[in-house]
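Visitor: Offset between the sequence shown (1-based) and our numbering: plus 115.
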Amino acid sequence: MPPLLTRPALTRALLARQFLLERTRMPVRDAVEHLVGLQAQAPKPPYFALWSRLDGFEAQELSLLLQSRDLVRLSVMRGTVHLVGERDALWLRALTQPLHESMLRRTYAKRLGGEDPWRVAEAARELLAAEPLTTAQLGVRLQERWPHLEARALAMTARYLLALVQLPPRGLWGRSGQPVVDTVERWLGRPPAREARVETMVLRYLGAFGPASVQDAQTWSGLTRLGEVLERLRPQLRVFEDEAGRELFDLPEAPRPEAELPLPVRFLAEYDNLVLSHADRSRVLDEPVRRHLATRNGQVPGTFLVDGRVRGTWKADTTRRTAVLTLTPFGPLPEAATAALAEEGQRLLAFATDGRPGPHTVTFAAPVAVGSA
């Protein structure tokens, strides 16, 4: 029988690899690569995700790495925009290309009226070779060639079939604007990888999110048939079992702290991969909380952890001279946790306002009932 890992043990193993037990001094690019990217549909979440994980993190560090092209924003795992290292962008996109093609077939193929989607993609590549364009501009320009088709369907065809990078100033701290895209070949000066190894992806996933099951790895990546991959890797991995009898794979030397280790409170960014990257999310989400978060039309709010569990959501309003952080718990919180959240919340507001003088206010809204387990 494989060794048993209890839920508290799995929680601590995950938080240790995510730098949420103790902040690390790792350089920003190295941390992003270790985490195999940060989900980044919106510009700000990667900044808050790194603030919670890196000791002394400053927002401009990330902005400079985007401008220098050491980090890029493009669609990879699960067909969603991630912030990834430029060394990872090429092969991660190559591995997830079949996922993107499948998503196109499910969502937009019928709206192309029988037109070959690859012809649309190549036309988009030609347009982008002349200049970067917003998605809306790209759709309008493609519609000049196919006036009988929707501009959005044409633009999304290009998005799914081409590796498109969102260019700065999109994603820079304190900046805004519509995403302007270019091909990854032009932006990074080399084409996507042709022979990327899925084994590498799975091992990297275990290093940042393990121990994990086959289903966990497939949920994170959006890929299928990873059971075959893990079978090939089995001789070099450790195998465990969780309390439900699921088989879990892990790197032999990865951290697996004691199940009784005390845990700090932590704030998670919107769309944080910590709450999205397992089929079995019970290591951080109680089932009623998972169901509650799943009803938000694809929106994943900022959340906070108490004793390694998601115990509420947070929202920061820094648009006025008075910065306010509102915490909405899922039920009563221990007094010690409330005090720790208020203290950590003050630090979050100082980061969010670039150290602007107060007043900074942390307020607790009325608890929201999320049902029973």
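Heads up, the beta-carbon is just placed ideally off N, CA and C, and yes, glycines get one too. Please read all numbers here as calculations on a predicted model, not as lab measurements.
Return helix, strand or coil for Q414, following the three-state DSSP convention.
Guide: In this structure, Q414 counts as coil in the three-state DSSP scheme.
Visitor: By the three-class DSSP mapping on this structure, what secondary structure does K159 have?
Guide: In the structure shown, K159 sits in coil (DSSP, three-state: anything other than H, G, I, E or B).
Visitor: Any contact of the stretch 391-400 with the stretch 116-129, i.e. 3+ C-beta pairs under 8 Å?
Guide: Output reads yes: the stretch 116-129 touches the stretch 391-400.
Visitor: So L303 packs on L205, CB below 8 Å; how close in whole Å?
Guide: Right, their Cβ atoms sit about 7 Å apart.
Visitor: Would Q74 and L341 be called neighbours here (beta carbons separated by less than 7 Å)?
Guide: As shown, the chain starts at 116 and ends at 488. That puts residue 74 outside it, with no answer to give.
Visitor: Taking its Cβ as the centre, do 16 or more other Cβ atoms sit within 10 Å of A251, making it buried, or is it exposed?
Guide: With fewer than 16 other Cβ atoms within 10 Å, it is exposed.
Visitor: In this structure, does DSSP put G171 in helix, strand or coil?
Guide: Coil.
Visitor: By the three-class DSSP mapping on this structure, what secondary structure does A452 have?
Guide: Three-state DSSP puts A452 in a helix.
Visitor: Does DSSP put L243 in a helix, a strand or coil?
Guide: DSSP places L243 in helix when its eight states are reduced to three.
Visitor: Could you tell me whether the stretch 200-217 touches the stretch 145-158, using the rule of 3 or more Cβ pairs below 8 Å?
Guide: Result yes; three or more Cβ-Cβ pairs closer than 8 Å.
Visitor: Do L363 and P326 count as a contact pair if the criterion is CB distance below 7 Å?
Guide: Yes.
Visitor: Roughly how many angstroms lie between the CA atoms of P482 and T211, to the nearest whole one?
Guide: Approximately 40 Å, taken between the alpha carbons.
Visitor: With a cut-off of 8 Å on the beta carbons, I'd call L420 and L440 a contact; round off their distance for me.
Guide: Contact doesn't hold; Cβ gap of about 15 Å is too wide.
Visitor: If you reduce the DSSP assignment to three classes, tell me which class Q154 lands in.
Guide: Three-state result, Q154: strand.
Visitor: Do the CB positions of A438 and T468 come within less than 7 Å of each other?
Guide: For A438 and T468, yes; Cβs fall inside 7 Å.
Visitor: Mapping DSSP to helix, strand and coil, what is Q281?
Guide: Q281: strand per DSSP, three-state reduction.
Visitor: In or out: M218 buried (at least 16 other Cβ within 10 Å) or exposed?
Guide: M218 should be labelled buried.
Visitor: Cutting at 8 Å between CB atoms, please list the residues of its own chain near M116, excluding the five before and the five after it.
Guide: E356.
Visitor: Do R361 and S328 count as a contact pair if the criterion is CB distance below 7 Å?
Guide: Going by C-beta atoms, S328 is nearer than 7 Å to R361.
Visitor: Buried or exposed for Q133, please, with buried defined as at least 16 other CB atoms from any protein chain shown within 10 angstroms of its CB.
Guide: Result: buried.
Visitor: Alpha carbon to alpha carbon, how far is A157 from E259? Give it in angstroms, no decimals.
Guide: Looking at the two C-alpha atoms, the distance is approximately 30 Å.
Visitor: When you compare the CB positions of L279 and R256, do they come within less than 7 Å of one another, or not?
Guide: It is not a contact, given that the beta carbons lie outside the stated cut-off.
Visitor: Nearest to A174 by alpha carbon, out of P160, V187, R184?
Guide: Closest option to A174, Cα to Cα, is P160.
Visitor: Assign L464 to one of three DSSP states: helix, strand, or coil.
Guide: The answer is helix: DSSP assigns L464 an H, G or I state.
Visitor: By the three-class DSSP mapping on this structure, what secondary structure does P262 have?
Guide: In this structure, P262 counts as coil in the three-state DSSP scheme.
Visitor: Does the stretch 181-191 come within contact of the stretch 284-297, defined as at least 3 CB pairs closer than 8 Å?
Guide: The answer is yes - the stretch 284-297 touches the stretch 181-191, with three or more Cβ pairs under 8 Å.
Visitor: Grab me the residues of A394's own chain with a C-beta within less than 8 Å of its C-beta, minus the 5 sequence neighbours each way, in chain order.
Guide: Around A394: S328, Q330, D331, Q333, T334.
Visitor: Return the CA-CA distance between R168 and R349, expressed in angstroms with no decimal places.
Guide: Going from the Cα of R168 to the Cα of R349 covers about 30 Å.
Visitor: Where does the unbroken alpha helix (DSSP H) through S336 begin, and where does it stop?
Guide: Taken as a continuous stretch (DSSP letters only), the alpha helix (DSSP H) holding S336 covers 329-336.
Visitor: What's the C-alpha gap between R122 and D422?
Guide: The straight-line gap from Cα to Cα measures roughly 12 Å.
Visitor: Within this structure, are the beta carbons of A308 and A209 separated by less than 7 Å?
Guide: Yes; because the gap between Cβ atoms is below 7 Å, this pair is in contact.
Visitor: By DSSP, does H215 sit in helix, in strand, or in coil?
Guide: If DSSP states are grouped into helix, strand and coil, H215 belongs with the helices.
Visitor: Please state if the CB of F172 and the CB of A384 are separated by a distance shorter than 7 Å.
Guide: It is not a contact, given that the beta carbons lie outside the stated cut-off.
Visitor: If R226 sits next to A268, beta carbons under 8 Å apart, how far is it from one beta carbon to the other, in whole angstroms?
Guide: R226 to A268, Cβ: 4 Å. Contact.
Visitor: Between L189 and V196, what straight-line distance do the alpha-carbon atoms span, to the nearest angstrom?
Guide: In a straight line, the C-alpha of L189 is about 5 Å away from that of V196.
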